[in-house]
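Peer 1:
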Amino acid sequence: MNDHERAPLVSLTDAARHFGPVRALDGVTLSVAPGDCVGLVGHNGAGKSTLVNLVNGGLAPSSGTVGFATGSSALEAGVRSVFQELSLCPNLTVAENLRISHSALKGPNWRRPARAEIGQSLDTIFPGHGIDPNAEVDTLSIAERQMVEIAIGFAPRGSEARLVILDEPTSSLDAGIADQLLAHVKRFCASGGAVIFISHMMGEVFQVATRIVVLKDGKVVAERPTEDFTRQGLVDAMGHVTADTAETTGTGRDFGTEVVRTDQGLTARKGEIVGLSGLAGHGQAAALARLYLSRSSAWRAGKAPEVVFVAGDRQRDGVLPLWSILRNISVSILPQGARCGLVDREGETKVAQDWKTRIGIRTEDVANPILSLSGGNQQKVLFARALASAAPVVIMDDPMRGVDVGTKQDVYAMIRAEAARGRTFLWYSTETEEVCQCDRVFVFRNHEISAELTGAEITEEKILEASFEMQEAS
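4 is the number of the first residue of the sequence shown in my numbering; add one for each residue after it.
1. Near Ile364, which residues of its chain fall below 8 Å by C-beta distance, leaving aside the five closest residues on each side in sequence?
2. Taking the alpha-carbon of Arg298 as reference, which of Ser65, Val397, Glu437 and Ala212 has the nearest alpha-carbon?
3. The beta strand (DSSP E) that contains Pro228, what's its start and end?
4. Please say whether Arg448 and Lys470 have beta carbons closer to each other than 8 Å?
5. With distance defined between alpha-carbon atoms, name the residue in Leu184, Gly122 and Ser175 nearest to Pro159.
6. Between the stretch 90-109 and the stretch 55-74, are three or more C-beta pairs nearer than 8 Å?
7. For Gly42, count neighbouring Cβ atoms within 10 angstroms of its own Cβ and tell me buried if that reaches 16, exposed if not.
8. Pull up the distance between the alpha-carbon of Leu15 and that of Ala72, whole angstroms please.
9. Rounding to the nearest angstrom, what Cα-Cα distance links Asp170 and Val69 in this structure?
10. Taking DSSP as the reference, what is the three-state secondary structure of Phe428?
11. Give me the Cα-Cα distance between Val244 and Asn47, rounded to the nearest whole angstrom.
12. What do you get for His7, buried or exposed, if any count of 16 or more other CB atoms within 10 angstroms of its CB means buried?
13. Which partner residues does Phe445 have in the DSSP bridge list?
14. When we look at the beta-carbon of His285 and count the other beta-carbons within 10 Å, is it buried (16 or more) or exposed?
15. Going along the chain, which residues of its own chain have a beta-carbon closer than 8 Å to the beta-carbon of Ala197, five neighbours each way excluded?
16. Output the distance between the C-alpha atoms of Ala391 and Arg114, rounded to the nearest integer angstrom.
17. Let me make sure I understand the geometry here. Which of Gln267, Ser144, Ala18 and Asp177 has the alpha-carbon closest to that of Glu436?
18. Can you check which of these residues, Leu185, Asp220 and Lys219, is closest to Ala212 by C-alpha distance?
19. In whole angstroms, what separates the C-alpha of Gly429 from that of Phe157?
20. Taking 8 Å as the cut-off, decide whether the C-beta atoms of Leu218 and Lys51 are in contact.
21. Can you give me the start and stop residues for the beta strand (DSSP E) that Glu464 sits inside?
22. Looking only at its chain, what residues have a beta carbon closer than 7 Å to the beta carbon of Tyr295, apart from the 5 residues adjacent to it on each side?
23. Take the Cβ of Asn100 as the centre, count every other Cβ of all protein chains shown within 10 Å, and call the residue buried at 16 or more, exposed below.
24. Identify which residue in Arg9, Thr457, Glu421 and Gly281 has its Cα closest to the Cα of Ser194.
25. Nearest to Val406 by alpha carbon, out of Arg264, Ala314, Asp126 and Ser65?
26. Considering only residues of the same chain and omitting the five flanking positions on each side of Pro228, which have a CB-CB separation below 6 Å?
27. Report the three-state DSSP secondary structure of Ser392 (helix, strand or coil).
28. When you compare only the Cα positions, how much space is there between Val334 and Leu62?
29. Provide the residue(s) that pair with Asp29 in DSSP beta bridges, ordered along the chain.
30. Curious, which full-length alpha helix (DSSP H) runs of at least 4 residues does the stretch 99-135 contain?
31. Under 8 Å Cβ to Cβ from Val354, same chain only, skipping five residues before and after it: list those, please.
32. Around the Cβ of Ser162, are there at least 16 other Cβ atoms within 10 angstroms (buried) or fewer (exposed)?
33. According to DSSP, what are the bridge partners of Ala289?
34. Looking at C-alpha atoms only, which residue of Val44, Arg330, Gln87 and Gln210 is the closest neighbour of Arg404?
35. Taking Cβ positions, are Gly45 and Met241 nearer each other than 8 Å?
36. Among Glu451, Met150 and Trp326, whose alpha-carbon lies nearest the alpha-carbon of Thr127?
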């Protein structure tokens with residue numbers, strides 16, 4: 004590749020972005036050239052989303068410059084974005100969602116080439132995906148929606164993608180599908196494309212990134228070739244020291260009586276952390292939804308709820324976007340402190356402030372709007388909402404989407420502490436590392452339980468084996 008071909012696709016020089024007194028980005032200098040795969044890491048609220056919004060033209064810098072090699076805009080330079088918060092229109096088909104960002108598709112028969120283009124992109128990135136271009140998006144699982152969004156990002160759309168920004172692109176994908184995406188990223192960069200890869204999954208960053216940029220408090224605090232980092236060195240650079248290996252929970256603990264049993268064979272005991280695993284879309288989320296609905300009222304919240312729910316798809320199932328951070332946390336506990344139907348405002352604020360500190364929600368004031376937070380901090384609010392309640396059973400549907408590695412370790416410890424006090428957790432996750440935190444694991448295949456694993460049996464190999472080959476449930 005000659006010097007012209009290696010000219011930066013985008014260059015930031017002392018770029019800053021302020022929102023009132025908040026310095027979301029504070030003087031960043033960065034360039035991305037063809038062939039680069041830049042791993043962008045940092046804790047929730049470090050400024051990653053603000054940085055990529057400067058690169059893709061969604062925001063203008065408050066000071067400093069952002070320049071492109073081709074054309075005067077990100078669009079003309081071939082910059083594409085795949086956001087952590089999915090932006091598909093749920094009432095349109097997969098092919099129709101491609102049309103939104105593909106103005107060259109015109110005329111009465113535009114749907115035929117739209118179906119062909121999105122189908123080809125899906126086939127290239129995710130072989131064997133099984134997604135129908137005519138399917139309406141709201142009929143797809145969250146994993147399938149994430150796959151469609153990624154395929155649209157890489158699709159030609161009238162001009163080739165040159166720089167694709169992937170923001171937590173595997174957060175809803177199981178390991179097999181995530182590996183397909185990572186392989187495509189490598190091929191794309193090897194062919195002269197470039198990628199900014201944002202992920203809290205360090206293994207993925209080390210697997211695909213050619214260099215790693217660490218953001219902290221809106222500034223670049225480290226930038227080196229990937230091979231110059233170690234896992235612990237990267238965690239230290241981010242500013243949160245955590246153990247290399249997570250503590251497991253399944254040894255030496257006694258559990259109480261059985262508190263959950265479903266017709267499907269899913270069971271849980273008091274104080275137990277039960278994991279649901281297997282390939283995404285094989286019935287785990289549906290099993291948890293049925294359990295939650297069977298134990299909760301559709302019209303009235305009691306003072307002593309049986310179950311509480313932590314959503315992974317926070318935009319659809321979790322966040323109340325018009326409310327403040329405080330209200331989003333306290334909505335689960337309002338009946339507990341109410342007297343004669345009146346909310347205890349002082350108690351409500353105390354609980355919100357307490358959980359802001361305990362779980363590390365990055366905000367100056369819990370009265371701020373929930374949407375003022377980064378995606379990961381919004382997810383922390385959902386954890387705070389659930390754990391602040393008195394419900395003895397906590398149902399978690401892939402809840403760690405977009406949560407940084409330090410916060411994950413804090414949440415793991417919090418879950419273990421709550422379980423030791425007798426609380427029961429049912430935890431679906433697409434991440435094997437998280438499933439291995441559990442005392443017992445049910446592996447799902449084709450909407451049935453294919454294996455029940457305990458203790459030393461809870462390994463990635465056993466989970467994969469049960470995911471692909473039906474076994475008799477224990």
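Built from N, CA and C at the ideal position, the CB exists for glycine as well.
Peer 2: With the structure as the only source:
1. Numbered from its first residue, the sequence shown carries residue 364 at position 361. Closer than 8 Å at the Cβ level, and outside the excluded window around Ile364, lie Ile328, Trp358, Leu376, Asn380, Lys383, Val384 and Ala387.
2. Counting from one through the sequence shown, the residue named residue 298 turns up at place 295. Among Ser65, Val397, Glu437 and Ala212, the Cα nearest to that of Arg298 belongs to Val397.
3. Counted from its first residue, the sequence shown places residue 228 at position 225. Taken as a continuous stretch (DSSP letters only), the beta strand (DSSP E) holding Pro228 covers Lys222 to Pro228.
4. Taking the sequence shown and counting its residues from 1, the one referred to as residue 470 is at position 467. Taking the sequence shown and counting its residues from 1, the one referred to as residue 448 is at position 445. A quick correction: the sequence has Ser, not Lys, at residue 470. Yes, the pair counts as a contact, with Cβ atoms nearer than the cut-off.
5. One-based indexing of the sequence shown puts residue 159 at position 156. Cα-wise, what sits closest to Pro159 is Gly122.
6. no
7. To locate residue 42, count along the sequence shown from 1; it is residue 39. Buried, since its Cβ has 16 or more Cβ neighbours within 10 Å.
8. Here residue 15 refers to the residue found at position 12 when the sequence shown is read from its first residue. Here residue 72 refers to the residue found at position 69 when the sequence shown is read from its first residue. Cα to Cα, the separation comes out at about 12 Å.
9. Along the sequence shown, read from residue 1 onward, the residue named residue 170 stands at position 167. Along the sequence shown, read from residue 1 onward, the residue named residue 69 stands at position 66. Their Cα atoms are separated by approximately 20 Å.
10. Taking the sequence shown and counting its residues from 1, one reaches residue 428 at position 425. Correct three-state label for Phe428: strand.
11. Counting from 1 along the sequence shown, the entry for residue 244 is found at position 241. Counting from 1 along the sequence shown, the entry for residue 47 is found at position 44. Here Val244 scores only 40 on pLDDT, less than 50, and its place in the model is too uncertain to base an answer on.
12. Along the sequence shown, read from residue 1 onward, the residue named residue 7 stands at position 4. For His7, the predicted structure reports a pLDDT of 49, less than 50, and the residue's modelled location is therefore unreliable. A value from the coordinates is still provided. Looking at its Cβ environment, which holds fewer than 16 other Cβ atoms inside 10 Å, His7 is exposed.
13. Within the sequence shown, numbered from 1, the residue matching residue 445 stands at position 442. Leu279 and Glu455, per the DSSP bridge assignment.
14. Working through the sequence shown from its first residue, we reach residue 285 at position 282. Counting Cβ neighbours within 10 Å, His285 comes out buried, since at least 16 surround it.
15. Looking up residue 197 in the sequence shown gives position 194. Leu12, Val35, Ala36, Pro37, Gly38, Asp39, Cys40, Val41, Arg165, Leu166 and Val167.
16. Taking the sequence shown and counting its residues from 1, one reaches residue 391 at position 388. Taking the sequence shown and counting its residues from 1, one reaches residue 114 at position 111. Taking the straight line joining both Cα atoms gives about 49 Å.
17. For the purposes of this step, residue 436 is taken as the residue at position 433 of the sequence shown. For the residues Gln267, Ser144, Ala18 and Asp177, the minimum Cα distance to Glu436 belongs to Asp177.
18. Start at 1 with the first residue of the sequence shown, and residue 212 comes out as number 209. It is Leu185 whose Cα lies nearest to the Cα of Ala212.
19. Sequence index remark: in the sequence shown, residue 429 carries index 426 (1-based). Sequence index remark: in the sequence shown, residue 157 carries index 154 (1-based). Reading off the sequence, residue 429 comes out as Leu, not Gly. When the Cα atoms are used, Leu429 and Phe157 turn out to be separated by approximately 36 Å.
20. By 1-based counting over the sequence shown, the position of residue 218 is 215. By 1-based counting over the sequence shown, the position of residue 51 is 48. Yes, Cβ-Cβ distance for Leu218 and Lys51 is below 8 Å.
21. Your numbering for residue 464 matches position 461 in the sequence shown. Here Glu464 belongs to no beta strand (DSSP E); instead the alpha helix (DSSP H) covers Glu463 to Phe471.
22. Position 292 of the sequence shown, counted from the first residue, corresponds to residue 295. The answer, listed in chain order, is Val310, Phe312 and Ile398.
23. Taking the first residue of the sequence shown as 1, we reach residue 100 at position 97. Classification of Asn100: buried, given that the 10 Å Cβ count is 16 or more.
24. Sequence index remark: in the sequence shown, residue 194 carries index 191 (1-based). The option with the nearest alpha carbon to Ser194 is Arg9.
25. Your numbering for residue 406 matches position 403 in the sequence shown. Here the closest residue by C-alpha is Ala314.
26. Within the sequence shown, numbered from 1, the residue matching residue 228 stands at position 225. Cβ neighbours of Pro228 beyond the five flanking positions: Arg214.
27. What you label residue 392 is simply residue 389 of the sequence shown in a count that begins at 1. If DSSP states are grouped into helix, strand and coil, Ser392 belongs with coil.
28. As a first step, residue 334 is located in the sequence shown; it is residue number 331 there, counting from the start. As a first step, residue 62 is located in the sequence shown; it is residue number 59 there, counting from the start. One C-alpha to the other measures close to 33 Å.
29. Walking along the sequence shown from the start, residue 29 turns up at place 26. According to DSSP, Asp29 bridges with Ala19.
30. 114-128
31. In the sequence shown, the residue the question calls residue 354 occupies position 351. So the list reads Ile332, Ser333, Ile336 and Ala391, once near-sequence residues are dropped.
32. The residue you call residue 162 lines up with position 159 of the sequence shown. Label assigned to Ser162: exposed.
33. The residue you call residue 289 lines up with position 286 of the sequence shown. DSSP, once it has assigned bridges, lists no residue as partnering Ala289.
34. Counted from its first residue, the sequence shown places residue 404 at position 401. Measuring from the Cα of Arg404, the nearest candidate turns out to be Gln87.
35. Stepping through the sequence shown from its first residue, residue 45 is reached at position 42. Stepping through the sequence shown from its first residue, residue 241 is reached at position 238. Cβ distance < 8 Å, so Gly45 and Met241 count as in contact.
36. By one-based count along the sequence shown, residue 127 stands at place 124. The residue with the shortest Cα to Cα distance from Thr127 is Met150.
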